Amino acid sequence: MNNIVVCKFGGSSLSDAEQFRKVKAIIDGNEERKIVVPSAPGKGKKEKHKVTDLLLMSHQLGIHKLNFDEVFNIVKKRFISIKEGLGLNTDIETELDIIYENIKKGAEQAYCASRGEYLNGLLLSDYLGYRFVDATEVICINEEKPDVETSCEWIRSKISVEDKVVVPGYYGVNNEGKIATFSRGGSDVTGAIMAAGVEAKLYENWTDVSGFMIADPKVVSEPKPINSLSYKELRELSYMGAPVLHEDAVFPLKSLRIPIQILNTNCPEDRGTLIISDDSFETVGRVITGIAGKKDFTAIYVEKLFLAEEEGMFRKLVSIFETNKIKIEHMATSIDTISFVVPTQQIEGKEKKIAEEISIYCGTDNVEFSKGLAVIAVVGRGMVNTKGTSAIIFKALAMAGINIRMISQGSSELNIVIGVKNEDFEGAIKAIYNQSKEM
Numbered sequence: 001m002n003n004i005v006v007c008k009f010g011g012s013s014l015s016d017a018e019q020f021r022k023v024k025a026i027i028d029g030n031e032e033r034k035i036v037v038p039s040a041p042g043k044g045k046k047e048k049h050k051v052t053d054l055l056l057m058s059h060q061l062g063i064h065k066l067n068f069d070e071v072f073n074i075v076k077k078r079f080i081s082i083k084e085g086l087g088l089n090t091d092i093e094t095e096l097d098i099i100y101e102n103i104k105k106g107a108e109q110a111y112c113a114s115r116g117e118y119l120n121g122l123l124l125s126d127y128l129g130y131r132f133v134d135a136t137e138v139i140c141i142n143e144e145k146p147d148v149e150t151s152c153e154w155i156r157s158k159i160s161v162e163d164k165v166v167v168p169g170y171y172g173v174n175n176e177g178k179i180a181t182f183s184r185g186g187s188d189v190t191g192a193i194m195a196a197g198v199e200a201k202l203y204e205n206w207t208d209v210s211g212f213m214i215a216d217p218k219v220v221s222e223p224k225p226i227n228s229l230s231y232k233e234l235r236e237l238s239y240m241g242a243p244v245l246h247e248d249a250v251f252p253l254k255s256l257r258i259p260i261q262i263l264n265t266n267c268p269e270d271r272g273t274l275i276i277s278d279d280s281f282e283t284v285g286r287v288i289t290g291i292a293g294k295k296d297f298t299a300i301y302v303e304k305l306f307l308a309e310e311e312g313m314f315r316k317l318v319s320i321f322e323t324n325k326i327k328i329e330h331m332a333t334s335i336d337t338i339s340f341v342v343p344t345q346q347i348e349g350k351e352k353k354i355a356e357e358i359s360i361y362c363g364t365d366n367v368e369f370s371k372g373l374a375v376i377a378v379v380g381r382g383m384v385n386t387k388g389t390s391a392i393i394f395k396a397l398a399m400a401g402i403n404i405r406m407i408s409q410g411s412s413e414l415n416i417v418i419g420v421k422n423e424d425f426e427g428a429i430k431a432i433y434n435q436s437k438e439m
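Residues 1 to 439, numbered by my numbering, are exactly what the sequence shown covers, in order.
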């Protein structure tokens, strides 16, 4: 490992000149913070919109030959305000004019969406006195997923261990040489790739919260913080909707065992959450590390006599979902039935088609759809060695008057996934959280 700390700063951390000053104070506080990855300006005290949203709106208006001046002018004012507030020399006005003209000419969505990070990177590199390295030189992306191996090769060819650089987050270049982006929140992934590429000792992810909480503060009042968790726990919580870190940020770091620290730009002295390799925990602390979930799923129940004994049935069913571009989130089986949990948004309007294809292709007796399902994951490395965890969780839900509609547990026993009605989502999380405090 090299004595390098890679720092990614989120949109709220760089929303205006005042936030830029906080970032500089953090960078100046540790000489090992040599690589900085900025997001586009997010919402702030006075700013109601994220710059990326405004750029995407400009793009949509532009491709329909509609006037987008009013929207783009908000973008211009944001960046010029930051420049003037910090007394910088960057010719941001010319850069904005170029972007405006490109949008007017029908620039692709990825180009438009990525310009907030690009412009923030220019301003931040000027302010810190760091070298600017465009993400297209070091980050390879294909279909919103990182090509980590190629990216790391590019990073090593462009950046030495002594360099101090700013690399914009969220975007890169694809195999065709065009600008490409990760899914939203992808600056987290850029930071992780940069940390892997330089073999950093630590990846700091600076945001507007002091790390992960056991449950979402929007659901549970003042939940306890998570001081540490493993890569696997992070993946489970992020995938199930826990805010703070992009679910793909772990992959580039795991093999190199690079730790991640989630920190608060506005409260830099707070401990935050440390994320380390799965085998770095000598002892198990809490039984339940975190609780996360998402609403708006549909359960699809497929029934056929002796279904479990029919060879190739599962493959046939999965192929139907694949060809209809429907992602299977969870599934459960019995002798005569199999149920799939899928995002409602992906199945909407396709129910009749899916039912017919399953009936014809698989010869099933019955296909039913049940909407309004919420899925909650209870995650914790301590569950594997603790007897009766499931029983305690189910009792807590029963005491709260909440009916469980689905149960699934992975072979690793790292998590228990529970399905409840959408309207029971918040109540279920509160009930599980309150019970977890006693475990």
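Backbone N, C-alpha and C define an ideal beta-carbon position, used for all residues, glycine too.
All values derive from a computational prediction rather than experimental measurement.
Q: Would you identify the three-state DSSP class for E70, choosing helix, strand or coil?
A: Position 70 of the sequence shown, counted from the first residue, corresponds to residue 70. E70 falls in the helix class under three-state DSSP.
(Q) Give me, in chain order, the residues of the same chain whose beta-carbon lies closer than 6 Å to that of T265; leave out the 5 immediate sequence neighbours on both sides. (A) In the sequence shown, counting from the first residue as 1, residue 265 sits at position 265. For T265, the CB contacts under 6 Å within the same chain, skipping 5 residues up- and downstream, are S13, K22, W206 in chain order.
Q | Close beta carbons around I429, own chain, < 8 Å, minus the five adjacent residues each side | A | Mapped onto the sequence shown, residue 429 falls at position 429. Here the set comprises A215, D216, V219, V220, I291, G293, I376.
(Q) DSSP three-state label for Y170, please. (A) Residue mapping note: residue 170 aligns to position 170 of the sequence shown, counting from 1. Coil.
(Q) By alpha-carbon positions, which one of L202, M240, C112, L253 ends up nearest to V36? (A) Here residue 36 refers to the residue found at position 36 of the sequence shown. Closest by alpha carbon: L202.
Q: For the stretch 336 to 353 and the stretch 254 to 273, state whether three or more C-beta atom pairs, one from each stretch, are separated by less than 8 Å.
A: Short answer: they don't touch.
Q) To the nearest angstrom, how far is it from the Cα of D424 to the Cα of I402? A) In the sequence shown, counting from the first residue as 1, residue 424 sits at position 424. In the sequence shown, counting from the first residue as 1, residue 402 sits at position 402. D424 and I402: Cα-Cα distance of roughly 7 Å.
**Q.** the stretch 152 to 168 touching the stretch 220 to 229, judged by at least three CB pairs closer than 8 Å
**A.** no
Q. My guess is that L119 and F79 are in contact by the Cβ rule of under 8 Å, so how many angstroms apart are they, rounded?
A. Mapped onto the sequence shown, residue 119 falls at position 119. Mapped onto the sequence shown, residue 79 falls at position 79. Contact flag correct, Cβ pair sits at about 5 Å.
**Q.** At least three beta-carbon pairs within less than 8 Å, the stretch 92 to 100 to the stretch 134 to 146
**A.** no
Q | Closest Cα partner of A110 within the set Y127, D126, T52, F132 | A | For the purposes of this step, residue 110 is identified with residue 110 of the sequence shown, where counting begins at 1. If we check each option's Cα against that of A110, T52 comes out closest.
Q) Who are the near neighbours of K327 in its chain, counting only those whose CB is closer than 8 Å to its CB and skipping five residues on each side? A) For the purposes of this step, residue 327 is taken as the residue at position 327 of the sequence shown. Correct list, in chain order: F321, V342, P343, Q346.
Q. In terms of residues, what are the limits of the alpha helix (DSSP H) holding K430?
A. Residue mapping note: residue 430 aligns to position 430 of the sequence shown, counting from 1. Residues 425 to 436.
Q: Answer with buried or exposed for N3, where buried requires no fewer than 16 other C-beta atoms within 10 angstroms of its C-beta.
A: Working through the sequence shown from its first residue, we reach residue 3 at position 3. It counts as exposed.
Q. Which word fits D91, buried or exposed, when buried means at least 16 other C-beta atoms lie within 10 angstroms of its C-beta?
A. On the sequence shown, residue 91 is found 91 positions in, with the first residue counted as 1. The residue in question, D91, is exposed, as its Cβ has fewer than 16 Cβ neighbours within 10 Å.
Q) Taking the Cβ atom as the reference point for each residue, do V167 and A196 lie within a distance shorter than 8 Å? A) Position 167 of the sequence shown, counted from the first residue, corresponds to residue 167. Position 196 of the sequence shown, counted from the first residue, corresponds to residue 196. No; because the gap between Cβ atoms is not below 8 Å, this pair is not in contact.
Q | Every unbroken beta strand (DSSP E) within the stretch 6 to 87, with a cutoff of 3 residues, ordered by chain | A | 33 to 38
**Q.** DSSP-derived helix/strand/coil call for G400
**A.** Counted from its first residue, the sequence shown places residue 400 at position 400. It should be noted that the sequence gives Ala, not Gly, for residue 400. Three-state result, A400: coil.
Q: Using alpha carbons as the reference points, say which of L229, N366, N175 lies closest to G211.
A: By one-based count along the sequence shown, residue 211 stands at place 211. Of L229, N366, N175, the residue nearest in Cα terms is L229.
Q) Quick one: what's A112 bridged to in DSSP? A) By one-based count along the sequence shown, residue 112 stands at place 112. It is worth fixing the name first, because residue 112 is Cys in this sequence and not Ala. Partner(s): none; C112 has no beta bridge.
Q: Would you please state the rounded distance, in angstroms, between the beta carbons of G85 and D208? I believe it to be under 8 Å.
A: By 1-based counting over the sequence shown, the position of residue 85 is 85. By 1-based counting over the sequence shown, the position of residue 208 is 208. So it is not a contact: roughly 19 Å between Cβ atoms.
Q: Using three-state DSSP, classify G197 as helix, strand or coil.
A: Here residue 197 refers to the residue found at position 197 of the sequence shown. Looking at G197 - three-state DSSP - the assignment turns out to be helix.
Q | G191 versus S151, R315, G380, L305, residue with shortest Cα-Cα distance | A | Here residue 191 corresponds to residue number 191 of the sequence shown, with the count starting at 1. Comparing Cα positions, the closest option is S151.
Q: State yes or no: is the C-beta of A374 within less than 8 Å of the C-beta of A396?
A: What you label residue 374 is simply residue 374 of the sequence shown in a count that begins at 1. What you label residue 396 is simply residue 396 of the sequence shown in a count that begins at 1. Against a cut-off of 8 Å, the Cβ pair of A396 and A374 comes out as no contact.
**Q.** Pairwise C-alpha distance: G87 and F20
**A.** Within the sequence shown, the letter at position 20 stands for residue 20. Within the sequence shown, the letter at position 87 stands for residue 87. Straight-line Cα distance between these residues: approximately 12 Å.
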